[in-house]
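Participant: Can you read through this structure? Questions will come right after.
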Amino acid sequence: MKIKAIMVFFFSTTTPFRIALGIGLSNVYKGNSLTTLVVVGLLNACSAGLLNYMALVDLLAADFMGPKLQGDIRIQIWAYLPVLLGAGGVSLMAMWA
619 MKIKAIMVFF
629 FSTTTPFRIA
639 LGIGLSNVYK
649 GNSLTTLVVV
659 GLLNACSAGL
669 LNYMALVDLL
679 AADFMGPKLQ
689 GDIRIQIWAY
699 LPVLLGAGGV
709 SLMAMWA
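Residue numbers (the working numbering): 619 to 715.
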């Protein structure tokens with residue numbers, strides 16, 4: 619219970635601070651400067667990396683490491699194929715994002 623209270627406290631105090639910081643920085647924000655583009659690119663890359671990690675390690679690992687999937691190579695192939703097709707489809711859509 620103590621950990622939850624600490625997490626609620628930090629979430630409730632840091633979120634308004636970050637919103638105020640964003641509002642304050644929007645006055646000096648230059649959308650086409652090199653520094654802005656590099657920072658936005660790095661933050662987007664970090665977000666995408668975290669999303670990939672969560673999807674592949676936390677969500678799919680439990681399914682793919684189960685005894686049913688580990689025991690049959692045909693099921694493994696049919697399980698990996700949609701994952702690879704989905705990753706390829708998202709990569710293809712990224713060309714237009």
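Quick reminder that beta carbons are idealized off the backbone N, C-alpha and C, glycines included. A quick note: this is a predicted structure, and the numbers were derived from the prediction, not measured.
Do you know offhand how far Ser651's Cα is from Ala679's?
Facilitator: Roughly 41 Å between the two C-alpha positions.
Participant: How long is the line joining the alpha carbons of Leu668 and Arg692, rounded to whole angstroms?
Facilitator: For Leu668 and Arg692, the distance between alpha carbons rounds to 30 Å.
Participant: Within the stretch 627–709, note down every full beta strand (DSSP E) run reaching 3 residues or more, in order along the chain.
Facilitator: None, since the stretch 627–709 contains no complete beta strand (DSSP E) of that length.
Participant: Should Asp681 and Leu674 be called a contact, given that it needs their Cβ atoms to be closer than 9 Å?
Facilitator: Not in contact: Asp681 and Leu674 (Cβ atoms no closer than 9 Å).
Participant: Short of 7 Å in beta carbon distance, which residues of its chain neighbour Ala697, apart from the five on each side in sequence? Order them along the chain.
Facilitator: Contacts found: Phe682, Leu687.
Participant: Since I believe Tyr647 is in contact with Thr654 (beta carbons under 8 Å), could you give me their beta-carbon distance rounded to a whole number of angstroms?
Facilitator: Correct: roughly 7 Å between the Cβ atoms.
Participant: In whole angstroms, what separates the C-alpha of Phe628 from that of Ala663?
Facilitator: When rounded, the distance between both Cα atoms is 25 Å.
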